[in-house]
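Colleague: Residue numbers (this note's numbering): 12 to 340. I have a structure here, written as structure tokens, and I will follow up with some questions on it.
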Ligand code: TRP
């Protein structure tokens, strides 16, 4: 089937993936493979802007790649690779930085947020984060980038940078990427309050065992107004219910909705059912993960093969970039 163009996305190596990663990104990555030629990068260089230690970089990269593959990213069709394995991205980053006004970078909401979060670690690389991200995207002559609201300013920046570069060097060398707005569901952690994340330890790992999953689910905070088993509940404010809507068959969701409202079903039962459904949903993923993980070399083979294919595209782009800049041959 002819594909509609090339998609690129990158994610920092965060190790074993959780439900939030799955629903917010991986699921979409898998689906996009139907219509697009996909390039997915594990952006280890971006991670260096904020990580405290690099000792887990390799294992986090491996664990993330393994989860992606087990979830259905198909390396025969898509390119999956590690950002630093294609050093051309660093070169392009440098050239792009010369057409980037500094003020534009320091004005970005994402940058200001990082400064607020860790004022003691405002390094040069952090300021240039969106320039590196632009290099990621345009190096592969990307047509479409799926983005949620948080990354939209970065993509707008990338588009403008492409225009500046092309204007400056008088040629349409770089391709301006389109933004594909992606509805990213807000997945809350087991606390029912904050976004699911590893750092908050409120996450449920995809690769957890069924028993670990059950224990995690049983800790989930439900409707805070519902104190006693006999109190009627409000499914619309309950995080467990919102998860049921994703993982539970529609008839059962309707039943839970009804029974919760009239205290026919309690939170403990409701969570047990959810744990069961979740485990059932994740079973094929876990099986495949065990299968691939049994031979770790296959994951690295996929990443190295991906890097090789990525480098071929990247070098082609760089030849025309160097020529457009008129660098001495
Ligand atoms: N900035 C993205 C994030 O933190 C990761 C990223 C790097 C990316 N390069 C990219 C996303 C290119 C899309 C396209 O989530």
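C-beta: ideal position from N, C-alpha, C; glycine also. A quick note: this is a predicted structure, and the numbers were derived from the prediction, not measured.
Note the first and the last residue of the continuous alpha helix (DSSP H) segment covering residue 14.
Modeller: Careful: residue 14 lies outside any alpha helix (DSSP H) and carries neither H nor E.
Colleague: Judging by CA-CA distance, which residue of 88, 304, 254, 37 is the nearest neighbour of residue 286?
Modeller: The shortest Cα separation from residue 286 among 88, 304, 254, 37 belongs to 254.
Colleague: Identify whether residue 157 lies in helix, strand or coil by the three-state DSSP scheme.
Modeller: Reduced to three states, the DSSP call for residue 157 is strand.
Colleague: If we require 4 or more residues per run, which alpha helix (DSSP H) segments fall completely within the segment 227-287?
Modeller: The segment 227-287 contains these whole alpha helix (DSSP H) runs: 250-258, 261-272.
Colleague: Is residue 192 helix, strand or coil by DSSP?
Modeller: Strand at residue 192.
Colleague: What runs of the alpha helix (DSSP H), each 4 residues or longer, lie entirely inside the segment 49-128?
Modeller: Counting whole runs of 4 or more residues, the segment 49-128 contains the alpha helix (DSSP H) stretches 55-58, 68-82, 99-108, 113-117, 120-128.
Colleague: In this structure, does DSSP put residue 340 in helix, strand or coil?
Modeller: Residue 340: coil per DSSP, three-state reduction.
Colleague: Kindly indicate which three-state DSSP category residue 206 falls into: helix, strand or coil?
Modeller: Residue 206: strand per DSSP, three-state reduction.
Colleague: Is residue 45 buried or exposed, if buried means 16 or more other CB atoms sit within 10 Å of its CB?
Modeller: Exposed is the call here.
Colleague: Closest to residue 86 by C-alpha separation, out of 248, 40, 35, would be which residue?
Modeller: The shortest C-alpha separation from residue 86 is found at 40.
Colleague: Cβ-heavy atom distance between residue 95 and the ligand TRP below 6 angstroms?
Modeller: Not under cutoff, so the answer is no.
Colleague: By DSSP's criteria, residue 216 is part of a beta bridge. Which residues make up the other side?
Modeller: Residue 216 pairs with 29.
Colleague: Taking the continuous alpha helix (DSSP H) assigned at residue 167, which residues delimit it?
Modeller: 163-179 is the extent of the alpha helix (DSSP H) around residue 167.
Colleague: Which of the three DSSP states is assigned to residue 36 in this structure?
Modeller: Reduced to three states, the DSSP call for residue 36 is helix.
Colleague: So residue 150 and residue 99 are supposed to be a Cβ contact under 8 angstroms. How far apart are they, rounded?
Modeller: Indeed, because the Cβ distance is near 6 angstroms, the residues count as touching under 8 angstroms.
Colleague: What are the boundary residues of the alpha helix (DSSP H) that residue 151 is part of?
Modeller: Here residue 151 belongs to no alpha helix (DSSP H), and DSSP marks it neither H nor E.
Colleague: Run the CB neighbour count on residue 25, radius 10 Å, all protein chains shown included, and call it buried at 16 or more, exposed below.
Modeller: So residue 25 counts as buried.
Colleague: Under a three-way DSSP split, which group does residue 343 fall into?
Modeller: Residue 343 is absent from the structure shown; the chain starts at 12 and stops at 340.
Colleague: According to DSSP, is residue 211 helix, strand or coil?
Modeller: Here residue 211 sits in coil by DSSP.
Colleague: Can you tell me the Cα-Cα spacing of residue 29 and residue 69, whole angstroms?
Modeller: So the alpha carbons of these two residues sit roughly 18 angstroms apart.
Colleague: For residue 183, name the three-state secondary structure that DSSP assigns.
Modeller: In the structure shown, residue 183 sits in coil (DSSP, three-state: anything other than H, G, I, E or B).
Colleague: Going straight from the alpha carbon of residue 330 to that of residue 310, what length do you get?
Modeller: Each residue's alpha carbon lies about 30 angstroms from the other.
Colleague: When DSSP builds the beta bridges, which residues end up paired with residue 21?
Modeller: DSSP, once it has assigned bridges, lists 52 as partnering residue 21.
Colleague: Give me the residue from 53, 67, 81, 60 with the minimum Cα distance to residue 38.
Modeller: Closest by alpha carbon: 81.
Colleague: Give the range of the alpha helix (DSSP H) segment to which residue 198 is assigned.
Modeller: Neither: residue 198 is in no alpha helix (DSSP H) and is coded neither H nor E.
Colleague: Contact defined as beta carbons within less than 8 angstroms: I believe residue 115 pairs with residue 156. What is the distance between those atoms, to the nearest angstrom?
Modeller: 19 angstroms between Cβ atoms; not a contact.
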